[in-house]
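Undergrad: Structure incoming, see below.
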Amino acid sequence: MEKIIGGIKRQCYPLTPAQMVHMYTLKFSPTDEVVNIGTGQFFKKELNIAALREALNRAVERCESMRLRLWLDPESNEIWQYVMPYKNQFFEYYDFSDWDEETAHSVMQKWTSQPFDTYRDALSRIVIVSLPDGYNGYYLNVHHVCADSASVIAFTKDVLEIYCSLMYHMSEPQPTSSYIESVERDLAYSGSKREARDADFWHKELERPEPMFTDFTGPGRLQTLRQEKNNPNLRWCVLPTKDSAGSTITYSLDVDSTNKIIAFAEKNDIPVSAIILHAIRTVLCKFNNNETDITIKDFISRRSSLANKRCGGVRMHCLPLRTIMPIDTTVLDSMKIIKEQQQKVFMHADYSVLKYYYEERMQYGGDPGACYHSVAFTYQPASAKALVPYLRDIPFKSRWYTSGRQPQPFYVTAMHRPGDGGLNFYFGYQFESATPQEIEFLYYYTGRVLFRSIENPDKTIQEIMNMV
-4 MEKIIGGIKR QCYPLTPAQM VHMYTLKFSP TDEVVNIGTG QFFKKELNIA ALREALNRAV
56 ERCESMRLRL WLDPESNEIW QYVMPYKNQF FEYYDFSDWD EETAHSVMQK WTSQPFDTYR
116 DALSRIVIVS LPDGYNGYYL NVHHVCADSA SVIAFTKDVL EIYCSLMYHM SEPQPTSSYI
176 ESVERDLAYS GSKREARDAD FWHKELERPE PMFTDFTGPG RLQTLRQEKN NPNLRWCVLP
236 TKDSAGSTIT YSLDVDSTNK IIAFAEKNDI PVSAIILHAI RTVLCKFNNN ETDITIKDFI
296 SRRSSLANKR CGGVRMHCLP LRTIMPIDTT VLDSMKIIKE QQQKVFMHAD YSVLKYYYEE
356 RMQYGGDPGA CYHSVAFTYQ PASAKALVPY LRDIPFKSRW YTSGRQPQPF YVTAMHRPGD
416 GGLNFYFGYQ FESATPQEIE FLYYYTGRVL FRSIENPDKT IQEIMNMV
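Position 422 of the sequence shown, counting from 1, maps to 417 under my numbering, and the rest follow consecutively.
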């Protein structure tokens, strides 16, 4: 739909359901930086700054979502999105090579905590950076309505491949897919037969008996709410999210241990994500008096097609992965059950997240913010370096910066490191919902369960819990 914005006619589009989730987060956060994504990509190599600046410009030109703007209609109060025409930029350059490295990273973290003016500004910022010890690259801060982790990695891949084409006579990468076409497909989903099929699946899920909240700190939070509500049978809980102030904690798994997980996954035809989910689920079972009904919020990137992988933007939906299994279920059967349920969730993951959670509340009751999960999870298998062959043997650092605010009370992202392929576990948490000590305790037990499980796939969940 055409709109006149600042005296200029723009082709505008409504926001997609994935974008509306982040606008919902923004609406209830006291500050706007909660939707910032800050990352840094750095190689131990002298880079041609002019060529890198040109590569960044070409990548922005090719990626419509990196030129996205939002407009709030003052009459209807509706939010619209449009793509600004490409305009060459002279990206700033900061030389931190003589600094202490962590001090340099703290500066970029501070940049990440600076909010965008959502309805007036450009929604991304790029800075070329030199770090100590010969590392060079760039910093990116982008509004979450323009990107998710998968599109940040795809953008990084595009930048690096364009840079290599400029410097080393490699062929220029194939054009990226159209973000606007992906928006049009998402908008066409509303009222379609696909939406009806997805609605039928989720409505059948909601016809099952009410789920049970299982907390990563144990049953105490639910028991306290039961006492406050004078309801010993209460099955939902409200995580404290009045203040989105938070941080991230990163744990790194060594390469040999990561390879053991991958080898087990390939041998048994089990996704790595299902193996990690099994471990988290088993810990939740152990921490909550052997509860058999466990729900984890699963983040799905919805990028199964090549066009969706290369279109940028935000396509992440987060929906419940609920599994009910007795504690005498074997490890391998547990993983297969999780795999099967995850495949069903993925198949119906286009369904509106906000619509689902509204329907869940209408079905089971509960106060605003009531939920049945305490952990949100996503697995990101790709890494930027692994996708650029020329740079594969050059030391590489990738950094994700916190804005000081967290959109979720508690989530775990498992992502392979660009340098060696080992797994990093990023725990994002709001200060009201978790402490570093609780996160360390959870990570410790999750790791023990995970490796005892892949070493003893024929053991039962109960036996694994007894072993750890």
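For each residue, glycine too, the CB sits at the ideal point set by N, CA and C.
DSSP puts Val124 in a beta bridge; with which residues?
TA: As a first step, residue 124 must be located in the sequence shown, where it is residue number 129. For Val124, which the question treats as bridged, DSSP gives the partners Tyr89, Gly132.
Undergrad: So which of Arg230, Asp193, Tyr385, Lys262 has the shortest CA-CA distance to Asp345?
TA: Position 350 of the sequence shown holds residue 345. If we check each option's Cα against that of Asp345, Asp193 comes out closest.
Undergrad: Output the residue ranges of the alpha helix (DSSP H) runs that lie fully inside the stretch 170 to 225 and measure 4 residues or longer, sorted by chain position.
TA: 174 to 184, 188 to 201, 215 to 224
Undergrad: Mind checking Asn72: buried by the 16 CB within 10 Å criterion, or exposed?
TA: Start at 1 with the first residue of the sequence shown, and residue 72 comes out as number 77. It is exposed - the Cβ of Asn72 has fewer than 16 other Cβ atoms within 10 Å.
Undergrad: Rounded to the nearest angstrom, what separates Leu217 and Val233 at their Cα positions?
TA: In the sequence shown, the residue the question calls residue 217 occupies position 222. In the sequence shown, the residue the question calls residue 233 occupies position 238. Going by the C-alpha atoms only, they are around 9 Å apart.
Undergrad: Could you pull the DSSP bridge partners for Lys350 from this structure?
TA: Taking the sequence shown and counting its residues from 1, one reaches residue 350 at position 355. Per DSSP, none; premise fails for Lys350.
Undergrad: Run the CB neighbour count on Gln338, radius 10 Å, all protein chains shown included, and call it buried at 16 or more, exposed below.
TA: By 1-based counting over the sequence shown, the position of residue 338 is 343. Gln338 should be labelled exposed.
Undergrad: Looking at Ala142: is its Cβ nearer than 8 Å to the Cβ of Gly307?
TA: In the sequence shown, the residue the question calls residue 142 occupies position 147. In the sequence shown, the residue the question calls residue 307 occupies position 312. Yes, the pair counts as a contact, with Cβ atoms nearer than the cut-off.
Undergrad: Whole angstroms are fine: how far does the CA of Arg189 sit from the CA of Arg62?
TA: Sequence index remark: in the sequence shown, residue 62 carries index 67 (1-based). Sequence index remark: in the sequence shown, residue 189 carries index 194 (1-based). Cα-Cα distance, rounded: 30 Å.
Undergrad: From Trp94 to Asp128, what does the alpha carbon distance come to, in whole angstroms?
TA: Here residue 94 is taken as the residue at index 99 of the sequence shown, counted from 1. Here residue 128 is taken as the residue at index 133 of the sequence shown, counted from 1. Those two C-alpha atoms are separated by around 10 Å.
Undergrad: Since Phe211 contacts Phe294 with CB under 8 Å, what's their CB separation in whole angstroms?
TA: Position 216 of the sequence shown, counting from 1, holds the residue named residue 211. Position 299 of the sequence shown, counting from 1, holds the residue named residue 294. Not confirmed; about 16 Å, so no contact.
Undergrad: Cα separation between Glu176 and Asn31?
TA: On the sequence shown, residue 176 is found 181 positions in, with the first residue counted as 1. On the sequence shown, residue 31 is found 36 positions in, with the first residue counted as 1. Going from the Cα of Glu176 to the Cα of Asn31 covers about 24 Å.
Undergrad: What does Phe372 pair with, by DSSP beta-bridge criteria?
TA: The residue you call residue 372 lines up with position 377 of the sequence shown. Its beta-bridge partners are Asp293, Val407.
Undergrad: Measure the beta-carbon distance from Asn83 to Asn52 and round it to whole angstroms, keeping in mind my assumption that it falls under 8 Å.
TA: Here residue 83 refers to the residue found at position 88 of the sequence shown. Here residue 52 refers to the residue found at position 57 of the sequence shown. Asn83 to Asn52, Cβ: 6 Å. Contact.
Undergrad: Hey, Ala429 and Phe420: beta-carbon distance below 8 Å or not?
TA: Within the sequence shown, numbered from 1, the residue matching residue 429 stands at position 434. Within the sequence shown, numbered from 1, the residue matching residue 420 stands at position 425. No. Outside cutoff.
Undergrad: Could you give the first and the last residue of the continuous beta strand (DSSP E) run that contains Ser101?
TA: What you label residue 101 is simply residue 106 of the sequence shown in a count that begins at 1. Not the beta strand (DSSP E): Ser101 falls in the alpha helix (DSSP H), residues 96 to 107.
Undergrad: With three or more beta-carbon pairs closer than 8 Å as the criterion, would you say the stretch 450 to 459 touches the stretch 306 to 325?
TA: With a cut-off of 8 Å, the stretch 306 to 325 and the stretch 450 to 459 count as touching, because enough Cβ pairs lie within range.
Undergrad: What span of residues does the beta strand (DSSP E) with Ile244 cover, start to end?
TA: Within the sequence shown, the letter at position 249 stands for residue 244. Unbroken beta strand (DSSP E) run through Ile244: 241 to 247.
Undergrad: Looking only at its own chain, which residues have a Cβ that is under 8 Å from the Cβ of Tyr238, when we skip the five neighbours before and after it?
TA: Mapped onto the sequence shown, residue 238 falls at position 243. Checking the sequence shown, residue 238 turns out to be Asp, not Tyr. Result list for Asp238: Pro25, Gln425, Phe426, Glu427, in chain order.
Undergrad: Tell me whether Arg412 sits in a helix, a strand or coil according to DSSP, three-state version.
TA: Stepping through the sequence shown from its first residue, residue 412 is reached at position 417. Arg412 falls in the coil class under three-state DSSP.
Undergrad: Can you look up Phe426 in the DSSP assignment and give me helix, strand or coil?
TA: Start at 1 with the first residue of the sequence shown, and residue 426 comes out as number 431. In the structure shown, Phe426 sits in coil (DSSP, three-state: anything other than H, G, I, E or B).
Undergrad: From Tyr89 to Ser247, what does the alpha carbon distance come to, in whole angstroms?
TA: Indexing the sequence shown from 1 puts residue 89 at position 94. Indexing the sequence shown from 1 puts residue 247 at position 252. Each residue's Cα considered, the two are about 28 Å apart.
Undergrad: Enumerated in chain order, which unbroken segments of the beta strand (DSSP E) with a length of 3 residues or greater are wholly contained in the stretch 56 to 85?
TA: Correct list: 63 to 67, 74 to 78.
Undergrad: Could you check whether the stretch 94 to 108 touches the stretch 258 to 271, counting it as contact only if at least three pairs of C-beta atoms, one from each stretch, sit closer than 8 Å?
TA: no
Undergrad: So Gly33 and Ser398 are supposed to be a Cβ contact under 8 Å. How far apart are they, rounded?
TA: Within the sequence shown, the letter at position 38 stands for residue 33. Within the sequence shown, the letter at position 403 stands for residue 398. About 7 Å separates the two Cβ atoms, so the contact holds.
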